[in-house]
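> Take this structure first; my questions come after.
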């Protein structure tokens with residue numbers, strides 16, 4: 013009986029291991045960006061570039077010769093990241109600029125300083141993201157305010173520079189968790205947030221809502237950029253082991269850590285789809301699409317391709333940012 017039980021346990025363990033390997037190879041691990049593009053004379057902005065996939069992307073772009081602006085809130089951490097990237101790439105073209113996406117005045121100041129000091133912009137990578145509770149400086153829900161609204165304003169303020177520097181690209185990091193998201197306009201207009209509630213679970217759901225907003229923003233932006241030399245893409249980087257939950261409760265951090273140990277990829281792997289959308293030639297006709305594993309996802313859920321919702325979200329965002 014004992015040997016039979018041992019055999020059953022070993023068989024179950026082998027099956028689980030086999031399942032994990034298949035899952036890792038087909039879903040978790042990421043293909044590499046194949047572009048060998050050199051970026052000398054090009055300028056890129058990467059938001060949230062002081063850690064995680066943002067830092068990995070900035071490092072890759074610097075290695076290719078780009079002038080890279082690290083757009084970060086925490087100046088101390090960003091300066092440490094800048095020094096790391098300079099040391100690893102040998103590039104002297106890695107700069108630091110203050111940007112707090114949770115403060116619309118900070119976004120305006122950043123854009124103003126950038127437009128004054130830089131002559132071109134070839135690549136805007138809207139990478140920074142939070143999955144947390146709380147409010148922004150302008151009293152918007154934190155996930156909506158940082159992940160969507162701050163990037164919405166930033167992109168709009170830099171569009172003329174992107175158009176003048178074309179061909180250029182806007183790449184926005186979203187997530188496959190958009191599938192759990194929705195856009196509740198009555199909640200947005202009444203409470204300046206995508207949902208109510210302040211628990212860890214509520215924060216995660218709000219994160220999912222904000223990631224759907226990222227996709228709808230890109231979808232609408234592509235329409236508005238038709239006829240220009242600017243294309244845009246949203247993407248999911250994969251399950252990356254980053255510090256996105258660093259401001260969450262102890263419970264949230266434990267959950268993210270456990271999931272991370274089993275199912276996550278390293279930051280360099282997580283950077284690959286961002287780099288693909290930023291650099292790959294021949295994808296211009298896919299402007300507005302959502303990418304996963306370095307390829308466009310063609311079977312998006314209808315809510316991520318809803319023209320009326322995308323337009324309404326754009327117009328409401330303009331009002332929130334004082335653009336209209």
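Numbering (this note's numbering), first residue to last: 13 to 336.
All C-beta atoms in this analysis are idealised placements derived from N, C-alpha and C, irrespective of residue type, glycine included.
Since the model is a prediction, treat every value here as computed from it, not as a measurement.
Note down, one range per segment and in chain order, each beta strand (DSSP E) of at least 3 residues found wholly within the stretch 60 to 120.
Correct list: 79 to 84 and 106 to 110.
> Between the C-alpha atoms of residue 189 and residue 156, what's the straight-line distance to the nearest angstrom?
The sequence position of residue 189 within the chain shown is 177, counting from 1. The sequence position of residue 156 within the chain shown is 144, counting from 1. Using only the alpha carbons, I get a separation of about 14 Å.
> To the nearest angstrom, how far is it from the Cα of residue 193 to the Cα of residue 65?
Against the chain shown, residue 193 aligns to sequence position 181. Against the chain shown, residue 65 aligns to sequence position 53. Whole-angstrom Cα-Cα distance: 23 Å.
> Comparing the CB of residue 192 with every heavy atom of the ligand HEM, is any distance shorter than 7 Å?
Here there are no bound small molecules, and the ligand HEM is not part of this structure.
> Do you know how far the Cα of residue 43 is from the Cα of residue 233?
The count along the chain shown starts at 1 and reaches residue 233 at position 221. The count along the chain shown starts at 1 and reaches residue 43 at position 31. Answer to the nearest angstrom: the Cα atoms are 27 Å apart.
> State the DSSP-derived secondary structure class of residue 218, mapped to helix, strand or coil.
Taking the chain shown and counting its residues from 1, the one referred to as residue 218 is at position 206. If DSSP states are grouped into helix, strand and coil, residue 218 belongs with the helices.
> Where does residue 181 sit, in a helix, a strand or coil, going by DSSP?
Start at 1 with the first residue of the chain shown, and residue 181 comes out as number 169. Note: residue 181 maps to strand in three-state DSSP.
> At a cut of 8 Å, does the stretch 81 to 93 reach the stretch 49 to 69 through at least three beta carbon pairs?
The answer is yes - the stretch 49 to 69 touches the stretch 81 to 93, with three or more Cβ pairs under 8 Å.
> Could you check where the beta strand (DSSP E) with residue 279 kicks off and where it finishes?
Working through the chain shown from its first residue, we reach residue 279 at position 267. No beta strand (DSSP E) holds residue 279; the alpha helix (DSSP H) holding it covers 279 to 282.
> Answer yes or no: do residue 166 and residue 98 have a C-beta to C-beta separation smaller than 8 Å?
Taking the chain shown and counting its residues from 1, one reaches residue 166 at position 154. Taking the chain shown and counting its residues from 1, one reaches residue 98 at position 86. For residue 166 and residue 98, no; Cβs fall outside 8 Å.
> For residue 93 versus residue 78, is the C-beta spacing smaller than 8 Å?
Within the chain shown, residue 93 is the residue found at index 81, counting from 1. Within the chain shown, residue 78 is the residue found at index 66, counting from 1. Not closer than 8 Å, so no.
> Return helix, strand or coil for residue 247, following the three-state DSSP convention.
As a first step, residue 247 is located in the chain shown; it is residue number 235 there, counting from the start. Reduced to three states, the DSSP call for residue 247 is strand.
> Span of the beta strand (DSSP E) holding residue 136?
By 1-based counting over the chain shown, the position of residue 136 is 124. Its beta strand (DSSP E) spans residues 135 to 138.
> Quick check: the stretch 123 to 134 against the stretch 146 to 164, are at least 3 beta-carbon pairs closer than 8 Å?
Contact fails: fewer than three Cβ-Cβ distances are below 8 Å.
> Is the separation between the beta-carbon of residue 158 and that of residue 114 shorter than 8 Å?
Walking along the chain shown from the start, residue 158 turns up at place 146. Walking along the chain shown from the start, residue 114 turns up at place 102. Against a cut-off of 8 Å, the Cβ pair of residue 114 and residue 158 comes out as a contact.
> Going by C-alpha distance, which of 245, 196 and 308 is nearest residue 328?
Locating residue 328 in the chain shown gives position 316, where the first residue counts as 1. Here the closest residue by C-alpha is 196.
> Taking Cβ positions, are residue 47 and residue 181 nearer each other than 8 Å?
As a working mapping, residue 47 is identified with position 35 in the chain shown. As a working mapping, residue 181 is identified with position 169 in the chain shown. No, the pair does not count as a contact, with Cβ atoms beyond the cut-off.
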